[in-house]
Amino acid sequence: MWQLKKVLVRIFKYCKSSKSLSFGIFVLVILLILGFGLAPFAPFDPCRWGKVPRDEPPSLSHPLGTTTLGQDVFWLITRAIRDSLILGAVTAGLSMMIAMFMGFLAGYLNERVWGKIIDKIINGFSVIPGLPYLMVLAFAFKDYLNIVVIGLFLSTIGWAWPAKALRSIVLEMRRRTHVYTGIASGLSLSKLFVHEFLPYILPWIATQSLNLVRWSIGMETTLGVFGLSSMEKATIGTMLYWAMQYQALLRGIWWWLSMPIIVVVLLISSLYYSSMGLDELLNPKSRLSQVRRSTWAS
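Note that this note's numbering numbers the sequence shown so that position 229 is 219, with each residue one more than the last.
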C-alpha cells in the first residue's frame, strides 16, 4: 500500500512537468466520469429505441441531440464510453495474462526445446493479420457476440506482440546477479517470476495494458462500423454503424455521427498520451532519452 502511494505521488508530481501525461490523464478521468459516473444515472435505457423525439438537434433538453432511432446521444455516448472501456479492460487483462505466461517461458527456457516451441508459437500469432482474422471470427459467431466474447476474440491475437517484447526483456534479465541468486537458492519457476522478474516489469505491464486498451477500442470500432460487433450494446463502433446506416450526415443529422468520432479520438488520444507519459516516468531508458534530447536541444 505504501509503495502504491509513493508511485501515485510520483505520478502526480511528474504530471506538473509532463504535458502529455497531464493531458492524457485529464481527458481519461473526464471520460471515466462520463462512462462510469454518469451512465448509471440515465433516466432510461439509452440503447432502447423510441425513448425520445427523433432527429432533434442539440438543445437544453438533449445536449447532444437525438438520433433517428429515438435515442438521446448524450446518454448513449456515456453508455458507449463505459462499454468500450470495459471491452478494453477485458482484452488487456486476458492478453497480458497470456503474454506474461508465454513471454516469460519463451525467454526463460530459451535454449530448451519447449522454449523454442513457445517462441515459434508467439512468432506465428504475431504475424496473423488482425482485422481479417477478427472479421471472420465475428461473422462466424455473430449470434453470440457480447462485450466479453469480443474481448476474448481480441485477446487471442492481442497477446502476441507483448509476449514477444517480454521474451526479450526476460532474456536480458536472466543475466542479472539477483536472478542467478534466485535460481541458486532453489526458487520455483512461479516464485522466481514473482520475486525476481515481476517487480522490474510492472511499469512495462502498465504501459502495455494501456496500449492494449487503446488497440482493442480501435479494433472494436472498426468491427462495429462493418456491423460485426454486438449491435444490441452501445459501443462507439455500433453508434457509428447506425449513424451510417441511416445516412446521418447526408440528412443533416451531423451530431449523430460527429459525437462518437470526437469521443473515440479523445479516448484513443488520452490512452496514447497516458501510456507515453507513464513510460517516460517509469522507464529509466525513456527518462534518459528525454534528458539527452533536452540536452541536445539546449
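Using N, Cα and C, we set each Cβ at its ideal position, and we do this for glycine too.
Original post:
Considering only residues of the same chain and omitting the five flanking positions on each side of ALA70, which have a CB-CB separation below 6 Å?
Top reply: ALA224, THR225, ILE226 and MET229
Original post:
Of the choices HIS52, GLY120, ARG44 and ARG102, whose alpha-carbon is the least far from that of GLY60?
Top reply: ARG44
Subject >> Cut-off 6 Å between Cβ atoms - residues of its own chain near GLY120, not counting five sequence neighbours on either side >> reply: ILE147
Original post:
To the nearest angstrom, how far is it from the Cα of LEU272 to the Cα of PRO193?
Top reply: 6 Å
Subject >> Of the residues ILE140, GLN198 and SER180, the one placed nearest GLY217, counting alpha carbons only >> reply: ILE140
Subject >> Secondary structure of ASP45, DSSP reduced to three states >> reply: coil
Original post:
What do you reckon, are the CB atoms on LEU124 and LEU213 nearer than 8 Å?
Top reply: yes
Subject >> Segment limits, alpha helix (DSSP H) that includes TRP149 >> reply: Looking at the DSSP string, TRP149 is not in any alpha helix (DSSP H), and its letter there is neither H nor E.
Original post:
Going along the chain, which residues of its own chain have a beta-carbon closer than 8 Å to the beta-carbon of GLY14, five neighbours each way excluded?
Top reply: SER259, SER260, LEU261, TYR262, TYR263, SER264, SER265, MET266 and GLY267
Subject >> Close Cβ partners of TYR134 (< 8 Å) along its chain, the five nearest in sequence each way excluded >> reply: none
Subject >> For SER49 and VAL160, the rounded distance between their alpha carbons >> reply: 56 Å
Original post:
Going along the chain, which residues of its own chain have a beta-carbon closer than 6 Å to the beta-carbon of LEU182, five neighbours each way excluded?
Top reply: GLY172
Subject >> Secondary structure of THR58, DSSP reduced to three states >> reply: coil
Subject >> Counted within 10 angstroms of its Cβ, other Cβ atoms place TRP65 as buried (16 or more) or exposed >> reply: buried
Original post:
Just to confirm, are SER74 and TRP149 a CB contact at a threshold of 8 Å?
Top reply: no
Original post:
Helix, strand or coil for ASP35 per DSSP?
Top reply: coil
Subject >> DSSP three-state assignment for ASN113, whether helix, strand or coil >> reply: helix
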